[in-house]
Amino acid sequence: MSTVEEQKGEQLADITEDDDTEEYENQDRWSDEQVCGSSDGGQEIDPELIALSQEIMESIGRPMGVLCKKSNYEPISMSPEDASELLSYKTNIMILTGAGLSAASSIPTFRGNDGLWTKKYKHCETPEELATLKFFKAHPEVKWQCIHDFYELCKNAEPNAGHKAIVQFQEYCKLNGKQCHLVTQNIDDLHARLIRESEILKPTVTSEGEPGFGFTDSVYEIHGNLSYSRCSQECSKALKPVQVPDKELSLEDQIPKCEECKSIMRPHVLWFDECYTQELHKVQTVKNIINSKVDALIIVGTALATTMANRLVNECLSRKILTINMNLEPCCDFGPVVEILGKSEETLPKLFQPFIPVVTKCKTEEQKNPRKAFSQERSSHSNSHTLLSPTPSPPPLSPKASHSDLQISSIPKSP
1 MSTVEEQKGE QLADITEDDD TEEYENQDRW SDEQVCGSSD GGQEIDPELI ALSQEIMESI
61 GRPMGVLCKK SNYEPISMSP EDASELLSYK TNIMILTGAG LSAASSIPTF RGNDGLWTKK
121 YKHCETPEEL ATLKFFKAHP EVKWQCIHDF YELCKNAEPN AGHKAIVQFQ EYCKLNGKQC
181 HLVTQNIDDL HARLIRESEI LKPTVTSEGE PGFGFTDSVY EIHGNLSYSR CSQECSKALK
241 PVQVPDKELS LEDQIPKCEE CKSIMRPHVL WFDECYTQEL HKVQTVKNII NSKVDALIIV
301 GTALATTMAN RLVNECLSRK ILTINMNLEP CCDFGPVVEI LGKSEETLPK LFQPFIPVVT
361 KCKTEEQKNP RKAFSQERSS HSNSHTLLSP TPSPPPLSPK ASHSDLQISS IPKSP
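Mapping of the sequence shown onto full-length UniProt numbering: residues 1 to 415, in sequence order.
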């Protein structure tokens, strides 16, 4: 083994070890300055690490990114198939999704040229004004009209190939003793719908009025879910199903009211002038996962324009956690980023395809012995493919393994 390979193996082993990060306990780790990198907008990179990365890249026939302002590098472009091999060595994966994922389900994004916010409503000049609690209080009938327009889109939409690939990967992780934490900014219920139908994930089902109603295991909906509403005066934080209005009647006469205090009900969504909470958005749980467990992050269909999503990603990047960006264009400002640019309904199935046969095998034998079924499937692959390896180990250096260098260097995006 060459000196370069030995050094690479040592660096890779160091970075892929579990982090002894303490649980988030009101530390200042999530301040703007902390999560957004250094004060000059870039990150300092160890010169020796840069030199080592340069040597490794040259040894496998790939050029190193050009050194740019503020010590930034371009991310590494990679195929979904190569990224899936890299992902197979991780045991605690977080998937962060946004509106771009649901575009293929005929749900427009908010900020696009044909986005939902291009539609005009009375008393509203800008989208930012419409999506506020202040506007809701002043014009509840207009806001509820907007909500019902979007709700109709979501109700008639079907999860696309990207949603299905994600839930299959969640099932794989559960069967293989790995953790997959799905965090979504979407309020369309499409993730939760598939999870509720999963025979492997088997989320707890609660009825209206029971604790936990409106929340689905295996997905953190940090911006809420449009299928539910709650009292605007918070006499109770219990969620209720959204009431569909009669289109033949005036909406002003059908604004839903709280059964307890008769105040106007509001949709269970987060607006621009509101704060995240643990009770309604599970953000403390998500922060704790990031701070103590995650060793890989997959970003799907989001420009990271919202505060929480941006901070989650920047926290992972600042820790040099493997980050895979699956968007139509780059979205990260710094850090070790793998980029798989393209439509998520096309790239996600390719990324997760190597894991899906295990899920399929276990589903067919679930009634007999699901643990045995998975064990047999894993064993049949163990001698021919590394994807189903039960314990993480660094991939070998080879002409095909150009992704390996990513884990030993910080490869930020140029500004």
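Beta carbons are placed, not taken as given, at the ideal position from N, Cα and C, and that holds for glycine.
- One thing to note: L226 has its Cβ no nearer than 9 Å to the Cβ of P256.
- The three-state secondary structure of M78, taken from DSSP, is coil.
- For the pair Y151 and I222, the CB atoms are not nearer than the 9 Å cut-off.
- Under the DSSP definition of a beta bridge, G224 partners with V269.
- Collapsing the DSSP output to three states places P241 in a strand.
- Q353 and A165 have their C-alpha atoms spaced approximately 8 Å apart.
- Rounded to the nearest angstrom, the Cβ distance from C154 to Q170 is 21 Å, too far for a contact under 8 Å.
- C146 carries a helical assignment under DSSP once its states are collapsed to helix, strand and coil.
- The three-state secondary structure of S229, taken from DSSP, is strand.
- In the three-state reduction of the DSSP assignment, H181 falls in the strand class.
- Separation of C261 and L239 (C-alpha to C-alpha, rounded to the nearest whole angstrom) is 15 Å.
- Bounds of the beta strand (DSSP E) holding N325 are L322 to M326.
- Cβ neighbours of Q168 within its own chain (closer than 8 Å, five residues either side excluded): F352, F355, I356 and V359.
- A303 places its beta carbon less than 9 Å from that of G100.
- In the DSSP assignment, T97 falls within the unbroken beta strand (DSSP E) covering N92 to T97.
- I187 sits in coil when the DSSP states are folded into three classes, being neither helix nor strand.
- Counting the other CB atoms within 10 Å of its CB gives S79 a total below 16, which places it among the exposed residues.
- By the neighbour-count criterion, in which a residue is buried when 16 or more other Cβ atoms sit within 10 angstroms of its Cβ, V286 is buried.
- Residue pairing of V286 in beta bridges, as defined by DSSP: absent, with no partner found.
- Ranking A83, K137, E129 and E81 by CA distance to the CA of S263 puts K137 first.
- The beta carbons of I195 and D217 sit closer together than 9 Å.
- With respect to F272, E128 sits close: the two C-beta atoms are nearer than 9 Å.
- A check of alpha carbon separations from L96 across M308, E346 and T206 identifies M308 as the nearest.
- Assigned with DSSP and collapsed to three states, I299 falls in strand.
- Contact between G224 and L270 holds: CB atoms are separated by about 5 Å, below the 8 Å threshold.
- Boundaries cannot be given for V205, as no alpha helix (DSSP H) includes it and DSSP labels it neither H nor E.
- Between N327 and the set L312, A103, K237 and Y89, the nearest pair of CA atoms involves A103.
- As the crow flies, the alpha-carbon of I289 is around 29 Å from that of G209.
- For V313, the enclosing alpha helix (DSSP H) starts and ends at T307 to S318.
- Under DSSP, the beta-bridge partners assigned to V338 are I76 and I324.
- Contact check for I76 and V294: beta-carbon distance about 20 Å, past the 8 Å limit, so the pair fails to qualify.
- In this structure, I93 sits near K178, with a CB-CB distance shorter than 9 Å.
- Of the candidates R193, L280, G214 and D246, L280 places its Cα closest to the Cα of E234.
- When the five nearest sequence neighbours on each side are left out, the beta carbons in the same chain lying within less than 6 Å of the beta carbon of N160 are those of A104, S105 and E345, in order along the chain.
- Q278: member of the alpha helix (DSSP H) spanning Q278 to H281, first to last residue.
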